[in-house]
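The structure appears below as structure tokens.
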């Protein structure tokens, strides 16, 4: 059935375009979040390594697209969890931007 094959091909192409658009949006947000974390990290720099080591990246995790926020320095976990989380930046960044990220995806899927 040539008509059914064309519908299937069109659907697959649409899905691939949506996946690419979702990944592009996640990559855009990752760049914004990384910049935010580096500019707003609440600790006083001693070496600058912790701030420079903050990163955000978009990646596929199975069927999901995730934005990963992380430290590269081994003591990043202490900045995030010690001292009553006074020096945390990962979770506050995610919380502050979550609504805007979700809204961006809502708009993407309206198209």
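In the working numbering, the protein residues as written are 1 to 111.
Beta carbons: idealized from backbone N, C-alpha and C, even for Gly.
Since the model is a prediction, treat every value here as computed from it, not as a measurement.
Closest by C-alpha distance to residue 33, when choosing among 56, 51 and 18: Sequence index remark: in the chain shown, residue 33 carries index 33 (1-based). Of the listed residues, the one whose Cα sits closest to residue 33 is 56.
Quick one: Cα of residue 36 to Cα of residue 6, how far? Within the chain shown, numbered from 1, the residue matching residue 36 stands at position 36. Within the chain shown, numbered from 1, the residue matching residue 6 stands at position 6. Straight-line Cα distance between these residues: approximately 45 Å.
According to DSSP, is residue 111 helix, strand or coil? Counting from one through the chain shown, the residue named residue 111 turns up at place 111. Three-state result, residue 111: coil.
Using a threshold of 9 Å, state whether the C-beta atoms of residue 26 and residue 67 are closer than that. Position 26 of the chain shown, counted from the first residue, corresponds to residue 26. Position 67 of the chain shown, counted from the first residue, corresponds to residue 67. Contact flag set, yes.
Give a yes or no on contact between the segment 9-27 and the segment 65-83, applying the rule of three or more CB pairs nearer than 8 Å. yes
Report yes if the C-beta distance between residue 38 and residue 58 is below 9 Å; otherwise report no. Looking up residue 38 in the chain shown gives position 38. Looking up residue 58 in the chain shown gives position 58. No.
Which runs of the alpha helix (DSSP H) at least 4 residues long sit entirely within the segment 20-106? Give them in chain order. 49-52 and 76-81
Using only the alpha-carbon positions, how far apart do residue 70 and residue 4 sit? As a working note, residue 70 is residue 70 in the chain shown. As a working note, residue 4 is residue 4 in the chain shown. Whole-angstrom Cα-Cα distance: 46 Å.
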